[in-house]
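Each number in the working numbering comes from the position in the sequence shown (counting from 1) with 42 added on.
For glycine and all other residues, C-beta sits at the position ideal for the given N, C-alpha and C.
Single-structure report; data block below.
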Amino acid sequence: MLSTALLAAARSERMRGLVTSMPLTRGVVDRFVAGDGLDDAVRAVRELNAAGLSVTLDHLGEDTRERAQAEAARDAYLRMFSVFEEGGLAAGADASVKLSALGQALPGELALDNAREICAAAGRIGMTVTLDMEDHTTVDSTLEVLGKLRGDFPWVGVAVQAMLRRSEGDLRDLVDEGSRVRWVKGAYAEPASVAFQGRHEVDRAYARGLRLLMDGDGYPMVASHDPRMIEIAQLLAARRQPGSYEFQMLYGIRAAEQRRLAQAHRMRVYVPYGADWYGYFMRRLAERPANLVFFLRSFISR
Ligand code: FDA
Numbered sequence: 043m044l045s046t047a048l049l050a051a052a053r054s055e056r057m058r059g060l061v062t063s064m065p066l067t068r069g070v071v072d073r074f075v076a077g078d079g080l081d082d083a084v085r086a087v088r089e090l091n092a093a094g095l096s097v098t099l100d101h102l103g104e105d106t107r108e109r110a111q112a113e114a115a116r117d118a119y120l121r122m123f124s125v126f127e128e129g130g131l132a133a134g135a136d137a138s139v140k141l142s143a144l145g146q147a148l149p150g151e152l153a154l155d156n157a158r159e160i161c162a163a164a165g166r167i168g169m170t171v172t173l174d175m176e177d178h179t180t181v182d183s184t185l186e187v188l189g190k191l192r193g194d195f196p197w198v199g200v201a202v203q204a205m206l207r208r209s210e211g212d213l214r215d216l217v218d219e220g221s222r223v224r225w226v227k228g229a230y231a232e233p234a235s236v237a238f239q240g241r242h243e244v245d246r247a248y249a250r251g252l253r254l255l256m257d258g259d260g261y262p263m264v265a266s267h268d269p270r271m272i273e274i275a276q277l278l279a280a281r282r283q284p285g286s287y288e289f290q291m292l293y294g295i296r297a298a299e300q301r302r303l304a305q306a307h308r309m310r311v312y313v314p315y316g317a318d319w320y321g322y323f324m325r326r327l328a329e330r331p332a333n334l335v336f337f338l339r340s341f342i343s344r
């Protein structure tokens, strides 16, 4: 119930105003977000790379309602690519993109056009792109954009959410050769008509999906912090060639485990940066009630 309330708050403008104006929030946000600026992202990436970890960069932002804002989101990625190229950080790095930030809710093909520009620029410098998956109302449109992008950029990946009842079918369509699928549990509040509601049901769906992906011809990206799921994935991965799959975790979560896994597997960290951290931060609080306690404690202890 608490996580449902936090996910509802993630969509509330009133709560956004309240949470983002609290001066002490920043210290807690910094645990999950590299910083507001590109220089903060670069610093985080250098540290992670030095520890043997690959990265995927998320310029924070979502639910864009205006064309200019969508173009600004696209430009932020293009700027990041130039800085990464200049800094020698591009090879093997990935960019995570939310189509809602690029204008998915706006008429026409704005999000596709913006995503195309992002992919073209990423491809030129040896980076890949992965589409984040947002709430269930956006899945069809995201998969449609993915299909169009993959025509020109076969390496574009997508996140698929185990909590959605439809996802097993989507995975079966996505296990073709070279297909990069980031398998996540799902971070949005969804109705029972489209999503499993219980933790165990979601976990079982996640394990089933792991089997499908690891038996398929694509490139599985196991994006979870759950020790049980990681253990299952490692057992299944033993049958695959090294380098034909990877593990992924979020910046600031289970950092020691990220480094441990990197000894034996390719391990990628999702690094969010930018000033629009509110929605991302609230989803991280919702995933783990202990984070909320930590957040509230930071106020009390001052
Ligand atoms: P679970 O929630 O069961 O957590 C297992 C354990 O991990 C916890 O017991 C705790 O130790 C640790 N943990 C998990 N979340 C934590 C947190 N917030 N703070 C501290 N510890 C935590 N979702 C989505 O809907 N669309 C997307 O595009 C993406 N993209 C994405 C990329 C990557 C690289 C990752 C790792 C995750 C996503 N997600 C996502 C989020 C995902 O759907 C899911 O909400 C979180 O990963 C939490 O689920 P776990 O699989 O980690 O398991």
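Margin query: One question on the structure: do VAL61 and TYR230 come within less than 8 Å of each other, judged by their Cβ atoms?
Written below: no
Notebook entry, point to check: Helix, strand or coil: which one does DSSP assign to GLY199?
Noted result: strand
Next item on the list: Could you tell me the distance, in whole angstroms, from the CA atom of GLU176 to the CA atom of GLY69?
Entry: Taking the Cα positions, GLU176 is about 26 Å away from GLY69.
Next item on the list: Taking only heavy atoms of the ligand FDA into account, decide whether any of them is closer than 7 Å to the Cβ of GLY228.
Entry: Yes.
Next item on the list: Helix, strand or coil for SER127, going by three-state DSSP, please let me know.
Entry: A quick correction: the sequence has Glu, not Ser, at residue 127. Here GLU127 sits in helix by DSSP.
Next item on the list: To the nearest angstrom, report how far apart LEU117 and TYR248 are at their CA atoms.
Entry: For the sequence presented, residue 117 should be read as Asp rather than Leu. Whole-angstrom Cα-Cα distance: 35 Å.
Next item on the list: Following the continuous beta strand (DSSP E) through ALA137, name the residue where it begins and the one where it ends.
Entry: It spans 136 to 139 - the beta strand (DSSP E) in which ALA137 sits, taken as one unbroken run.
Check: Excluding five sequence neighbours on each side, which residues of the same chain lie with their C-beta closer than 7 Å to the C-beta of LEU148?
Finding: ARG109, ALA112
Note to self: Would you say the beta carbon of ILE274 is closer than 7 Å to some non-hydrogen atom of the ligand FDA?
What the structure shows: ILE274 has its Cβ no nearer than 7 Å to any heavy atom of the ligand FDA.
Notebook entry, point to check: For VAL226, does the count of other Cβ atoms within 10 angstroms reach 16, so buried, or fall short, so exposed?
Noted result: Per the 10 Å Cβ criterion, buried.
Next item on the list: Please say whether ALA153 and MET324 have beta carbons closer to each other than 8 Å?
Entry: Remark: C-beta atoms of MET324 and ALA153 do not approach each other more closely than 8 Å.
Notebook entry, point to check: In angstroms, rounded to a whole number, what distance separates the CA positions of ALA265 and ARG281?
Noted result: The straight-line gap from Cα to Cα measures roughly 19 Å.
Note to self: Tell me whether ASP174, by its Cβ, gets closer than 7 Å to a heavy atom of the ligand FDA.
What the structure shows: yes
Check: CB of ILE160 to nearest heavy atom of the ligand FDA: below 7 Å?
Finding: no
Notebook entry, point to check: With a Cβ-Cβ cutoff of 8 Å, do VAL171 and THR184 count as a contact?
Noted result: Contact flag unset, no.
Next item on the list: Can you tell me which of THR180, GLY145, VAL87, GLY260 puts its alpha carbon nearest to the alpha carbon of PRO196?
Entry: GLY260
Notebook entry, point to check: On the three-state DSSP scale, how would you describe LEU206?
Noted result: strand
Next item on the list: Would you mind listing the alpha helix (DSSP H) stretches within the segment 79 to 103 that are 4+ residues and don't spill past its ends, in chain order?
Entry: 80 to 92
Next item on the list: For PHE289, name the three-state secondary structure that DSSP assigns.
Entry: strand
Next item on the list: State the Cα-Cα distance for the pair ASP100 and PRO314, rounded to the nearest angstrom.
Entry: Straight through space, the alpha carbons of PRO314 and ASP100 are spaced by roughly 4 Å.
Checklist line | Distance CB(TYR312)-CB(TYR287) smaller than 8 Å | finding: no
Note to self: Rounded to whole angstroms, what is the Cα-Cα separation between ARG344 and ARG58?
What the structure shows: Note on ARG344: pLDDT 47, under 50, position unreliable in the model; the coordinate value appears next. The alpha-carbon atoms of ARG344 and ARG58 are separated by roughly 22 Å.
Notebook entry, point to check: Would you say VAL223 and LEU191 are within 8 Å of each other, going by their C-beta atoms?
Noted result: Not in contact: VAL223 and LEU191 (Cβ atoms no closer than 8 Å).
Check: Exposed or buried, which one is PHE337 when buried takes at least 16 other CB atoms within 10 Å?
Finding: buried
Notebook entry, point to check: Rounded to a whole number of angstroms, what is the C-alpha to C-alpha distance between MET271 and LEU278?
Noted result: 11 Å
Check: CA-CA distance, GLY150 and ALA157?
Finding: In a straight line, the C-alpha of GLY150 is about 13 Å away from that of ALA157.
Item checked: Three-state secondary structure (DSSP) of PRO269 -> Residue state, collapsed to three classes: helix.
Margin query: Mapping the DSSP letters down to three states, classify PRO149 as helix, strand or coil.
Written below: Residue state, collapsed to three classes: coil.
Note to self: Let's see if you can read the secondary structure: which residues bound the beta strand (DSSP E) around TYR315?
What the structure shows: 309 to 315
Next item on the list: Measure the alpha-carbon distance for LEU334 versus GLY316 and round it to whole angstroms.
Entry: 22 Å
Margin query: I need the DSSP call for MET122, collapsed to helix, strand or coil.
Written below: helix
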